[in-house]
Amino acid sequence: MDTKALKEKLFLTRDNLGKRLAEDEIATAFDFCEGYKTFLDNAKTEREACSYVEALAIQQGYTAFDSKKKYNAGDKVYYMNRGKSIILARFGKKCVCEGVRIVAAHVDSPRLDLKPNPLYEDSEIALFKTHYYGGIKKYQWTAIPLALHGRIFKRDGSFVDINIGEDENDPMFVVTDLLPHLAAEQMKQPLSEGIKGESLNILIGSLPFKNCDESESVKLNILNILNEKYGIVEEDFVTAELEVVPAFKAKDIGFDRSLIGSYGHDDRVCSYPAVKAIFDCEVPEYTAITVLTDKEEIGSQGNTGLKGAYLQYFIEDLAAMVGVPARDVMKKSLCLSADVNAAHDPNYPEVLERRNAAEINKGVVITKYTGARGKSDTSDASAEYMSKVINMLRDSGVAWQTGELGKIDLGGGGTVAKYIANLDIDVVDVGVPVLSMHAPWEVVSKLDVYSAYRAFTVFFEK
Ligand code: MN
Ligand code: MN
Numbered sequence: 002m003d004t005k006a007l008k009e010k011l012f013l014t015r016d017n018l019g020k021r022l023a024e025d026e027i028a029t030a031f032d033f034c035e036g037y038k039t040f041l042d043n044a045k046t047e048r049e050a051c052s053y054v055e056a057l058a059i060q061q062g063y064t065a066f067d068s069k070k071k072y073n074a075g076d077k078v079y080y081m082n083r084g085k086s087i088i089l090a091r092f093g094k095k096c097v098c099e100g101v102r103i104v105a106a107h108v109d110s111p112r113l114d115l116k117p118n119p120l121y122e123d124s125e126i127a128l129f130k131t132h133y134y135g136g137i138k139k140y141q142w143t144a145i146p147l148a149l150h151g152r153i154f155k156r157d158g159s160f161v162d163i164n165i166g167e168d169e170n171d172p173m174f175v176v177t178d179l180l181p182h183l184a185a186e187q188m189k190q191p192l193s194e195g196i197k198g199e200s201l202n203i204l205i206g207s208l209p210f211k212n213c214d215e216s217e218s219v220k221l222n223i224l225n226i227l228n229e230k231y232g233i234v235e236e237d238f239v240t241a242e243l244e245v246v247p248a249f250k251a252k253d254i255g256f257d258r259s260l261i262g263s264y265g266h267d268d269r270v271c272s273y274p275a276v277k278a279i280f281d282c283e284v285p286e287y288t289a290i291t292v293l294t295d296k297e298e299i300g301s302q303g304n305t306g307l308k309g310a311y312l313q314y315f316i317e318d319l320a321a322m323v324g325v326p327a328r329d330v331m332k333k334s335l336c337l338s339a340d341v342n343a344a345h346d347p348n349y350p351e352v353l354e355r356r357n358a359a360e361i362n363k364g365v366v367i368t369k370y371t372g373a374r375g376k377s378d379t380s381d382a383s384a385e386y387m388s389k390v391i392n393m394l395r396d397s398g399v400a401w402q403t404g405e406l407g408k409i410d411l412g413g414g415g416t417v418a419k420y421i422a423n424l425d426i427d428v429v430d431v432g433v434p435v436l437s438m439h440a441p442w443e444v445v446s447k448l449d450v451y452s453a454y455r456a457f458t459v460f461f462e463k
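Using our numbering, you'd call the opening residue of the sequence shown number 2 and step up by one each time.
Okay, here's the thing in structure tokens:
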């Protein structure tokens, strides 16, 4: 054997998928991403993502889960949790008592949430106060077009859903920034302090109410517009969840159109493939479950996050149907925590350790552990489970690579994996590498998105 062949036999290598895939496979992947881009533009908040997926699921023949009903192999059900997280399940040929297969992704993304009492006027300009949600670099959120999404409850208990800034004819919103001419002091600040949380205030109007001599007439004018349009008064902001998100649409990036720029790839880029995979799989051996969860970006707390009990209760219901304890189902169950990881960026090569860093166009990233500084606070997947997952992908020709979330002593982060592991379920993170993660406009590779879809499909079918 010559040394070239010996190297090929012995070395771990990763080809760019553009080189490895046939033309028609690349075309299929690009085509898959057209549906993904539509999803991105229609699902910018967790509520929108859940209702969009619910509508798709109903089209696919999914019905609302009823724990008192009896289900057979191939049956399709969904469970909507408070409109902000959703579970899709397809019953398998094997009894639920043999365990289930779970792909769990999240549908919340970093953004600016309105405070409970957001509206004020200063210097005859009307603004909204915000409290940012998730990990953001605050300076990235100034001077970009913003849209307002969410739900407002009125005193009579009815609600209105708001979506302003997405339609071509809608107004948009913005957080203003200081001109460079007068920013000498600001520019001396560290990036984390140049823009303060309390200055991420949204510009929403500037005209006073007509013929009004009262104070705060600009605020009055805004409230009057909102009252005429939505029937709301200022107190109704308290009973609202309003989220300010980038108004950008998902677009192809690059002369070769190989990439997608969008808000909220983390973690719609795993959510959409997880939904498509359960829709497209044949009647699975094991009951297949796709979970789209909320609150991952703020630590998975709350009853719509995976630190909450809703997934466990769902499995308890499945177990009760076949008369076994839920713990016996969970200990035999497998899960892919479908979340993104950082892709190596040639502009910032110093933050990742190259031999263990994920790269775009190299397929799904398997992240054995997250955390940092001594694997702190992570679920470290076992060799047994790593072997099982990688063999599934290898046998089916799905491109995969490994990743870490940054150099050991540098940063870190977490996913929902540890909360699922705590249910006595085997779990590992498998997802898509992202450039500019958590920025208002993140970047992913189309071939990686399609690899995620293939990976989740194989996981459900094996
Ligand atoms: Mn994520
Ligand atoms: Mn994230």
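C-beta: ideal position from N, C-alpha, C; glycine also.
None of these values were measured; they are calculated from a predicted model.
{"Query": "Between the region 357 to 365 and the region 389 to 402, do at least 3 Cβ pairs fall closer than 8 Å?", "Result": "yes"}
{"Query": "Under 7 Å: does the beta carbon of HIS107 sit that close to some heavy atom of ligand 1?", "Result": "yes"}
{"Query": "Is it true that the region 223 to 243 meets the region 105 to 120, where meeting means three or more beta-carbon pairs spaced less than 8 Å apart?", "Result": "yes"}
{"Query": "Looking only at C-alpha atoms, which of ALA456, CYS282, LYS419 sits nearest to SER397?", "Result": "ALA456"}
{"Query": "Which same chain residues, not among the five before or five after LEU208, have their C-beta less than 7 Å away from its C-beta?", "Result": "VAL219, ASN222"}
{"Query": "Under 8 Å, with one C-beta from each stretch per pair, do the region 275 to 289 and the region 253 to 267 reach the 3-pair mark?", "Result": "no"}
{"Query": "Taking 8 Å as the cut-off, decide whether the C-beta atoms of GLU267 and MET393 are in contact.", "Result": "Reading off the sequence shown, one finds Asp at residue 267, where the question assumed Glu. No. Outside cutoff."}
{"Query": "Tell me which residues pass a beta-carbon proximity test against ligand 2: closer than 6 Å to any heavy atom, given in chain order.", "Result": "ASP267, GLU298, HIS439"}
{"Query": "Any contact between the region 337 to 356 and the region 99 to 113? By contact I mean 3 or more CB pairs, one from each, below 8 Å.", "Result": "yes"}
{"Query": "Which of helix, strand or coil does DSSP assign to GLY198?", "Result": "helix"}
{"Query": "CB-CB under 6 Å to LYS277, same chain, minus the five flanking residues each way: which ones, in chain order?", "Result": "TYR454"}
{"Query": "At what residues does the beta strand (DSSP E) containing ASN118 begin and finish?", "Result": "112 to 123"}
{"Query": "Using DSSP's beta-bridge definition, name the partner residues of VAL444.", "Result": "GLY262, LEU436"}
{"Query": "Taking the alpha-carbon positions, what's the THR416 to ASP430 distance?", "Result": "8 Å"}
{"Query": "Would you say THR416 touches ligand 1, meaning its beta carbon is less than 7 Å from a heavy atom?", "Result": "yes"}
{"Query": "At a cut-off of 7 Å, is ASP340 close to ligand 1 when judged by its beta-carbon and the heavy atoms of the ligand?", "Result": "yes"}
{"Query": "Should LYS475 go down as buried or exposed, given a rule of 16 or more other Cβ atoms within 10 Å for buried?", "Result": "Absent from the structure is residue 475, since the part of the chain shown begins at 2 and ends at 463."}
{"Query": "Among the candidates THR177, LEU192, SER272, whose CA atom is the shortest distance from the CA of ASN202?", "Result": "THR177"}
{"Query": "Can you check DSSP and say which residues form a bridge with PHE129?", "Result": "LEU120, ILE203"}
{"Query": "Using DSSP bridges, identify the partner residues of GLY151.", "Result": "ILE163, LEU243"}
{"Query": "Quick one: what's MET81 bridged to in DSSP?", "Result": "ILE87"}
{"Query": "From the DSSP secondary-structure annotation, give me the bridge partner or partners of VAL342.", "Result": "Per the sequence shown, residue 342 should be read as Asn rather than Val. Answer by DSSP bridge pairing, in chain order: PRO434."}
{"Query": "Suppose the cutoff is 8 Å on Cβ atoms and the five residues either side in sequence are ignored; what does the same chain contact list for PHE154 look like?", "Result": "PHE160, ASP237, THR240, ALA241"}
{"Query": "Whole angstroms are fine: how far does the CA of ARG355 sit from the CA of TRP442?", "Result": "24 Å"}
{"Query": "Anyone know if the C-beta pair for PRO434 and ALA359 falls short of 8 Å?", "Result": "yes"}
{"Query": "Expressed to the nearest angstrom, what Euclidean distance is found between the alpha-carbon atoms of TRP142 and ARG112?", "Result": "9 Å"}
{"Query": "What beta strand (DSSP E) runs, 3 residues minimum, are completely inside the region 328 to 390?", "Result": "335 to 338, 365 to 368"}
{"Query": "Classify GLU49: buried if its beta carbon has 16 or more other beta carbons within 10 angstroms, exposed otherwise.", "Result": "buried"}
{"Query": "Measuring straight from C-alpha to C-alpha, what distance separates TYR451 and CYS34?", "Result": "7 Å"}
{"Query": "Using the DSSP secondary-structure output, state which residues sit across from ARG102 in a beta bridge.", "Result": "ALA289, LEU335"}
{"Query": "Excluding the five sequence neighbours on either side, which residues of its own chain have a C-beta within less than 7 Å of the C-beta of ILE409, listed in chain order?", "Result": "ALA373, ARG374"}
{"Query": "Going by CA-CA distance only, name the one from ASN342, ASN348, TYR349, ASP346 that's closest to LYS369.", "Result": "ASN342"}
{"Query": "Between which two residues does the beta strand (DSSP E) containing GLN187 stretch?", "Result": "GLN187 -> not in any beta strand (DSSP E); alpha helix (DSSP H) instead, spanning 185 to 189."}
{"Query": "Here's the rule I'm using: 16 or more other beta-carbon atoms within 10 Å means buried, otherwise exposed. How should PRO181 be labelled?", "Result": "exposed"}
{"Query": "What are the boundary residues of the beta strand (DSSP E) that includes GLN313?", "Result": "Not the beta strand (DSSP E): GLN313 falls in the alpha helix (DSSP H), residues 311 to 322."}
{"Query": "Count the other C-beta atoms from every protein chain shown that fall within 10 angstroms of the C-beta of HIS132, then say buried if there are 16 or more, exposed otherwise.", "Result": "exposed"}
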